[in-house]
Amino acid sequence: MKAYLTRRYHFSASHRLNNDAFSAEKNRVVYGKCNNPHGHGHNYVAEVTLCGEVDPATGMVCNLADLDMFARTNLLDAFDHMNLNTLKCFANLVPTTENLTIEIFRRFQSGFSHAHLERVRVEETGNNSFEYAG
Ligand code: NI
């Protein structure tokens, strides 16, 4: 019996969209206001979905306490109140929310032994969200 578990996490971070391979003018054209040199912040919501067999003994796909502990270390401590541009994972990658979603997926991919990571969805604003499923 397979089931899906989705947990939401909230964090705030700033970014500036800029590709070092582009000229300053091209960066302004491509990224518009998001290329502002001082950056800007978002209150992100990350939804992590795990899929797995319901453990007959516990009745769970994954213990929420284990998922929260993993998310504390690998998501919240890593990204909350950070400037994404300064992080190692974005040293050579524009910190768009597409790339952030893929990075969060990569971090959660190997975190769980019984459940597997199905999908990560990140809301950047009330109007934008991004999904990655591997
Ligand atoms: Ni932005």
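In the numbering used here, the protein residues as written are 39 to 172. Note that the Cβ used here is the ideal one computed from N, Cα and C, for glycine as well. Source: prediction; values computed, not measured.
DSSP three-state assignment for residue i, whether helix, strand or coil
i, result
"residue 100", "coil"
"residue 109", "helix"
"residue 116", "helix"
"residue 67", "helix"
"residue 155", "strand"
"residue 84", "strand"
"residue 95", "coil"
"residue 57", "coil"
"residue 44", "strand"
"residue 146", "helix"
"residue 51", "strand"
"residue 74", "coil"
Alpha-carbon to alpha-carbon, residue j and residue i
i, j, result
"residue 116", "residue 39", "34 angstroms"
"residue 51", "residue 133", "11 angstroms"
"residue 60", "residue 74", "15 angstroms"
"residue 129", "residue 100", "33 angstroms"
"residue 136", "residue 91", "29 angstroms"
"residue 98", "residue 163", "31 angstroms"
"residue 82", "residue 93", "31 angstroms"
"residue 89", "residue 157", "9 angstroms"
"residue 159", "residue 172", "12 angstroms"
Cβ-based burial, residue i [other Cβ within 10 Å; buried from 16]
i, result
"residue 124", "exposed"
"residue 44", "exposed"
"residue 47", "buried"
"residue 109", "buried"
Per DSSP, cross-strand counterpart(s) of residue i
i, result
"residue 168", "160"
Exercise for review: Kindly confirm or deny that the stretch 64-76 and the stretch 151-166 touch, where touching means at least three C-beta pairs closer than 8 angstroms.
Suggested key: They do not touch, by the three-pair rule.
Exercise for review: Indicate whether the contact test is met: 3 or more Cβ pairs, each with one atom in the stretch 100-119 and one in the stretch 135-148, closer than 8 angstroms.
Suggested key: yes
Exercise for review: Would you be able to state if there are at least three C-beta pairs under 8 angstroms between the stretch 102-110 and the stretch 52-65?
Suggested key: no
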